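Enquirer: Using my numbering, read the sequence shown as starting at 10 and increasing by one per residue.
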Amino acid sequence: DLTGAATLSNIRSAFSDLRYTLTSEDELLIFITSHGATDGGHYATLWGEKLYADELNEMLAGIKTDHIQILNTVCYSGGFIPTLNAYNRVIGAACRANEESWAYSSFEFDAFPYYWISGLLGKEIDDLSTTVNCDLNNDNKISFYEAFAYAEVNARANVEANSNTEGATEHAQYLSNPT
């Protein structure tokens with residue numbers, strides 16, 4: 010777990026520490042939520058700073074784990090995928106490189122991470138009495154991909170049905186290397 014402000018300095022420090030603490034047996038999940046944009050490079054906004062995809066990729070270099078999973082929920086998050094694509098990485102993005110990810114006033118959460126987290130929990134996060142089932146292979150475990158697939162379908166449908174912006178949609182992106 011990381012604590013403190015999400016500044017570039019703190020994030021660099023945390024990844025530097027992970028180089029020495031993670032082993033090939035460990036799993037690393039990186040969850041990116043904030044705002045995102047593109048100015049020739051795709052980035053997530055931090056506390057007055059920008060975290061570019063290539064910078065994140067450099068921070069991941071030297072991390073010894075064989076299992077890195079990245080979920081990026083910011084606008085234009087699909088633009089991170091080509092840069093972060095590497096062996097033993099699974100990457101999910103809420104939208105394409107040229108799309109915004111959506112939230113709207115009737116929802117306290119962005120649509121994609123809401124459904125992804127709900128899928129992992131097996132319950133809707135704002136109504137824990139409502140169960141969801143995204144265990145596609147019926148092994149009683151929810152994988153990154155199963156939560157992703159659940160979020161992909163439900164977030165897009167919810168955004169299209171509830172957005173006040175005509176034509177609003179998002180197309181989640183997924184890459185697993187190896188597949």
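Even glycine gets a Cβ: it sits at the ideal position worked out from N, Cα and C.
Note that the structure is predicted; figures quoted are calculated from it, not measured.
Between Tyr52, Ile39 and Tyr124, which has its C-alpha nearest Ala164's C-alpha?
Expert: Translated into positions along the sequence shown, residue 164 becomes position 155. Comparing Cα-Cα distances from Ala164 to each of Tyr52, Ile39 and Tyr124, the minimum goes to Tyr124.
Enquirer: So the alpha helix (DSSP H) Gly128 belongs to, where does it begin and stop?
Expert: Taking the first residue of the sequence shown as position 1, residue 128 is located at position 119. Unbroken alpha helix (DSSP H) run through Gly128: Ala120 to Leu130.
Enquirer: Look at the Cβ atom of Ile126, then the Cβ atom of Arg98, and state whether they are nearer than 8 Å.
Expert: Position 117 of the sequence shown, counting from 1, holds the residue named residue 126. Position 89 of the sequence shown, counting from 1, holds the residue named residue 98. No, they are not a contact pair.
Enquirer: Distance check for Ala166 and Ile20, CA to CA, integer angstroms please.
Expert: By one-based count along the sequence shown, residue 20 stands at place 11. By one-based count along the sequence shown, residue 166 stands at place 157. Going from the Cα of Ile20 to the Cα of Ala166 covers about 34 Å.
Enquirer: Hey, out of His44, Ala120, Asn94 and Asp144, whose CA is closest to Leu130's CA?
Expert: Residue mapping note: residue 130 aligns to position 121 of the sequence shown, counting from 1. Checking every option, the nearest Cα to that of Leu130 belongs to Asp144.
Enquirer: Going by C-alpha to C-alpha distance, which of Phe157, Gly57 and Ser33 sits closest to Asp75?
Expert: For the purposes of this step, residue 75 is taken as residue 66 along the sequence shown, with counting starting at 1. It is Ser33.
Enquirer: Determine the burial state of Asn81: buried for a count of at least 16 other Cβ atoms within 10 Å of its Cβ, exposed for fewer.
Expert: Numbered from its first residue, the sequence shown carries residue 81 at position 72. Buried, by the Cβ-count rule.
Enquirer: Given that a residue counts as buried once 16 or more other Cβ atoms are within 10 Å of its Cβ, and exposed if not, what is Asp135?
Expert: Residue numbering aside, residue 135 sits at position 126 when the sequence shown is read from its first letter. By the 10 Å Cβ count, Asp135 comes out exposed.
Enquirer: Taking the alpha-carbon positions, what's the Ile39 to Glu175 distance?
Expert: Here residue 39 is taken as the residue at index 30 of the sequence shown, counted from 1. Here residue 175 is taken as the residue at index 166 of the sequence shown, counted from 1. C-alpha separation (whole angstroms): 32 Å.
Enquirer: Kindly list the residues whose CB is nearer than 8 Å to the CB of Thr139, restricted to its own chain and excluding five residues on each side of it in sequence; keep chain order.
Expert: Working through the sequence shown from its first residue, we reach residue 139 at position 130. These residues qualify, in order along the chain: Lys132 and Glu133.
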